[in-house]
Amino acid sequence: SAIYELSCEAYKHLGKTSNYYWIDPDGSGALGPLKVYCNMTEDKVWTTVYHDLQMQTSVGGNSPEKLSVLQLNYSATMDQISAITSSAEYCEQFISYSCKMSRLLNTPEGNPYTWWVGKANEKHYYWGGSGPGIQKCACGIERNCTDPKYYCNCDADYKQWRKDSGMLSYKEHLPVSQVVVGDLDRAGSEAKVSVGPVRCQGDRNYWNAASFVTSSSYLHFSTFQGETSADISFYFKTSASDGVFLENLGNTDFIKLELKSATEVSFSFDVGNGPVEIVVRSPNPLNDDQWHRVNAERNVKQASLQVDQLPLEVRKAPTEGHTRLELYSQLYVGAAGGQRGFLGCIRSLRMNGVTLDLEERAKVTPGVKPGCSGHCTSYGMYCANGGKCVEKYNGYSCDCSRTAYDGPFCIKDVGAFFEEGMWLRYNFHSPGTSVKDLVSRTLLSSADPEITAPDLSLNKEELSFSFSTTKSPCVLLYVSSYTPDFMAVLVNPNGNLQIRYNLGGTKEPYNIDIDHRNMANGQPHTVNVTRNGRDIILQLDHYPPTSYSLPATSDIQFNSPKALFLGKVIEIGKIDQDIYKYNTPGFTGCLSRVQFNQIAPLKAALRPTNASSHVHIQGELVESNCGASPLTIPPMSAATDPWHLDSGKVASADFPYNGQAIGDGVNRNSAIIGGVIAVVIFTILCTLVFLIRYMFRHKGTYHTNEAKGAESAESADAAIMNNDPNFTETIDESKKEWLI
1 SAIYELSCEA YKHLGKTSNY YWIDPDGSGA LGPLKVYCNM TEDKVWTTVY HDLQMQTSVG
61 GNSPEKLSVL QLNYSATMDQ ISAITSSAEY CEQFISYSCK MSRLLNTPEG NPYTWWVGKA
121 NEKHYYWGGS GPGIQKCACG IERNCTDPKY YCNCDADYKQ WRKDSGMLSY KEHLPVSQVV
181 VGDLDRAGSE AKVSVGPVRC QGDRNYWNAA SFVTSSSYLH FSTFQGETSA DISFYFKTSA
241 SDGVFLENLG NTDFIKLELK SATEVSFSFD VGNGPVEIVV RSPNPLNDDQ WHRVNAERNV
301 KQASLQVDQL PLEVRKAPTE GHTRLELYSQ LYVGAAGGQR GFLGCIRSLR MNGVTLDLEE
361 RAKVTPGVKP GCSGHCTSYG MYCANGGKCV EKYNGYSCDC SRTAYDGPFC IKDVGAFFEE
421 GMWLRYNFHS PGTSVKDLVS RTLLSSADPE ITAPDLSLNK EELSFSFSTT KSPCVLLYVS
481 SYTPDFMAVL VNPNGNLQIR YNLGGTKEPY NIDIDHRNMA NGQPHTVNVT RNGRDIILQL
541 DHYPPTSYSL PATSDIQFNS PKALFLGKVI EIGKIDQDIY KYNTPGFTGC LSRVQFNQIA
601 PLKAALRPTN ASSHVHIQGE LVESNCGASP LTIPPMSAAT DPWHLDSGKV ASADFPYNGQ
661 AIGDGVNRNS AIIGGVIAVV IFTILCTLVF LIRYMFRHKG TYHTNEAKGA ESAESADAAI
721 MNNDPNFTET IDESKKEWLI
């Protein structure tokens, strides 16, 4: 049988990205695996379980029944969802009631007309945005209900549509399995109910760990109840070559896991037929201070041991003889009965599906410390693009502040859409910073305290970014100075890329021309330029790097850099003739993950950082990944596209609720037909947009608004992907702004 990870958190630490995954919250326990959506875009992972109730389900409308019961069927059993909510740090579920002459909780004094049923079939009389025992809606708590006499908007019984909505976040009560709507039996009473998916964040079990400081230290727990079946899994990390992980004794029966040597893990037990030992030998040492996973199972038929991804060692049980493991002592984790205990860290220890709280027990035990340090040795490689791994008490995080990227692993491009005429300037010297400070932090690695601003010069630069545009000529990026020195990346009138250096000592600037490749083809392109003294290396897209050399007469110091420009150059003093020509009308298109040495100007503009004071923007900068190099946006198959869940039909087809395995091939045909229709509609829309832009291109104001509107769609996708319940409202708000 396939081995699934226990949670989304575990998939994240295998370096996986947001997607649907099968998780098995209790190992080989009775629950079985379930399919969930893991959203890895934030520091803490969100696990989402969907149900089949359509958003805005209508109830009432002159129905004779007193009560209308809405049933929610999830893609998982209630026990499976409970396993997720109990190990999570926080869970929430959005709930909304839209009403027309249909009261909700009947506040302030009456009996509620409507309630919801949660875990263990309990009824709850509070609504989204409120908490257990408080018979109020969100507006009653925030004191902004339409009629202050009531604690819910719907309780005022208006003839117009009103709404009460919010998050249910008391996780012990989730998920919502039914909504029972009551006030519908009068003429004109109508209501609509929406319930979002259950979303849980954080995993208390995955990082639950203890550090064993001496070889005689141990934690003890109540006797392990594993008479006919035992399933034990944990991670360990050590630099010691041997030690006992855990042991539980009976009269003669026992069960024990230990590190026998630097390359051997042993699982031994006796159920009355004499001791049995299974050993896994690793080709590489296991005491390398990296995390290793151990999985030991025993049932009446066989026993097995697995370490990391090494082959599973299996031992069949004898056909006759004893089968019950009878234990009576306490379970010892670490040193037991005078043996050499394990030195190092054990985490996420699960015995028959239950995670033992090592952390709590370690807090009150001498020689054992709660938590673990040194996660970066195992997981630091997931921090990409120069992100730094930062140790945390329970795990690690990636610090992306010195990079042009974002996201938990520093792999999300930070980019923006530039309208015609828009530009961004990043000043290397901001008002109020001492130059010494600035120099050491940004442009140079070593700083001489005597240097004053205009004297700073560079012997080397490293520049990387990606862009897409359909208009040439244009200025992509320009670095100005307090002297005639400059550096520029341009697209010439033929759509070819040109890198231009002017460091003095030559009559004309030094140009690197990349002919025969049209860069203004609307596709994302990546540019990497590294200069070290006279040597320049340029890498374009996935082509091999090419080397160039500044002329012998050229100076190799870039003197007194002043500012970096994106999209257009607005600088005082004399400016290169070609650049002046390319400057109008300016760059239109997308720039992404721009980085010049330690500086990420676009990120400083779009994310509030300590460098934001250096940035000046002309026009409205709209965040977008339209310039991201294609490698960062994998195509989505119909099976993994979260949008598929927004249509109730597909959701209900995708999740048979009777516990069968979920077929991946479900609705393949309708997905293909839908795809074809979507492509046709998209093509028609594109043609329309193109025609409108063409007709109005001389009317600047219309053109500007239109481009911004188009851009909103770009960022809207991200909002839908994040399953944001308030998404629709935010889009409407922003539309209003554009149409003013």
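Quick note: the sequence shown uses UniProt numbering, first residue 1, plus one each step.
Each residue gets a CB set at the ideal place from its N, CA and C atoms; glycine is no exception.
As the structure is a prediction and not an experimental result, all values here were calculated from the model.
Starting from residue i, trace the alpha helix (DSSP H) in both directions and tell me its first and last residue.
i       : result
Gly-140 : 138-142
Ser-82  : 78-87
Glu-109 : Note, Glu-109: premise wrong, no alpha helix (DSSP H); not H, not E.
Glu-9   : 8-12
Ala-604 : 601-606
Glu-360 : 358-363
Tyr-90  : Segment 90-100 is the beta strand (DSSP E) holding Tyr-90; no alpha helix (DSSP H) there.
Tyr-396 : Note, Tyr-396: premise wrong, no alpha helix (DSSP H); beta strand (DSSP E) at 395-399.
Do residue i and residue j have their C-beta atoms closer together than 8 Å?
i       : j       : result
Val-569 : Ile-579 : yes
Phe-234 : Leu-331 : no
Phe-467 : Val-622 : no
Tyr-97  : Cys-154 : yes
Glu-227 : Leu-325 : yes
Ser-472 : Gly-495 : yes
Asn-73  : Asp-52  : yes
Lys-162 : Cys-99  : Correcting the residue identity first, residue 162 is Arg in this sequence and not Lys. Closer than 8 Å, so yes.
Trp-207 : Gly-15  : no
Asn-559 : Ser-481 : yes
Tyr-151 : Pro-108 : yes
Val-368 : Ala-230 : no
From residue i to residue j, what does the alpha carbon distance come to, in whole angstroms?
i       : j       : result
Tyr-20  : Cys-372 : 30 Å
Cys-383 : Leu-246 : 33 Å
Pro-509 : Val-491 : 16 Å
Asn-511 : Asn-583 : 18 Å
Trp-291 : Ile-599 : 35 Å
Ile-95  : Asp-406 : 31 Å
Leu-424 : Asn-518 : 25 Å
Pro-311 : Ser-348 : 22 Å
Thr-433 : Phe-465 : Its pLDDT being 47, under 50, Thr-433 is placed unreliably in this model, and the coordinates cannot settle the point.
Val-198 : Gly-321 : 48 Å
Gly-250 : Val-300 : 18 Å
Asn-144 : Ser-102 : 19 Å
Tyr-37  : Ala-628 : 24 Å
Thr-588 : Glu-420 : 5 Å
Return the chain-ordered list of same chain residues with a C-beta closer than 7 Å to the C-beta of residue i, the five sequence neighbours on each side being excluded.
i       : result
Asp-399 : Gly-387, Lys-388, Val-390
Ala-240 : Asn-287, Leu-343, Gly-344
Ala-336 : Tyr-218, Val-244, Glu-247
Gln-302 : Val-314, Arg-315, Lys-316, Ala-317
Ile-575 : Val-569
Ser-532 : Here residue 532 is Asn; the residue named in the question, Ser, does not match the sequence. Cβ within range, chain order: Lys-460.
Keeping to the same chain, check which residues put their C-beta closer than 6 Å to that of residue i; ignore five residues upstream and five downstream.
i       : result
Phe-254 : Asp-270
Trp-116 : His-124, Val-176, Val-179
Leu-550 : Tyr-510, Arg-534
Suppose the cutoff is 8 Å on Cβ atoms and the five residues either side in sequence are ignored; what does the same chain contact list for residue i look like?
i       : result
Leu-31  : Asp-24, Pro-25, Thr-77, Asp-79, Gln-80, Ala-83, Gly-353
Thr-323 : Thr-228, Val-271, Val-300, Ala-317
Arg-186 : Met-101
His-173 : Gly-118, Lys-119, Glu-122, His-124, Pro-132
Lys-159 : Lys-100, Met-101, Gly-188
Within the continuous beta strand (DSSP E) that includes residue i, where are the two ends?
i       : result
Ser-549 : 546-549
Lys-388 : 388-392
Glu-461 : 460-469
Asp-231 : 230-237
According to the neighbour-count rule (16 or more other Cβ atoms, all chains shown, within 10 Å of its Cβ), is residue i buried or exposed?
i           : result
Phe-655     : Its pLDDT being 39, under 50, Phe-655 is placed unreliably by the model, and the measurement read from it follows with that caveat. With 16 or more other Cβ atoms within 10 Å, it is buried.
Tyr-478     : buried
Thr-546     : exposed
Lys-12      : buried
His-525     : buried
Met-381     : exposed
residue 749 : Examination of residue 749 is not possible in this model, given that the chain is present from 1 through 740 alone.
Glu-5       : buried
Pro-370     : buried
Ser-58      : exposed
Val-193     : buried
Glu-678     : The residue you asked about is not Glu; residue 678 is Ala in the sequence shown. Flag for Ala-678 reads exposed.
Cys-686     : exposed
Ala-552     : exposed
Pro-493     : exposed
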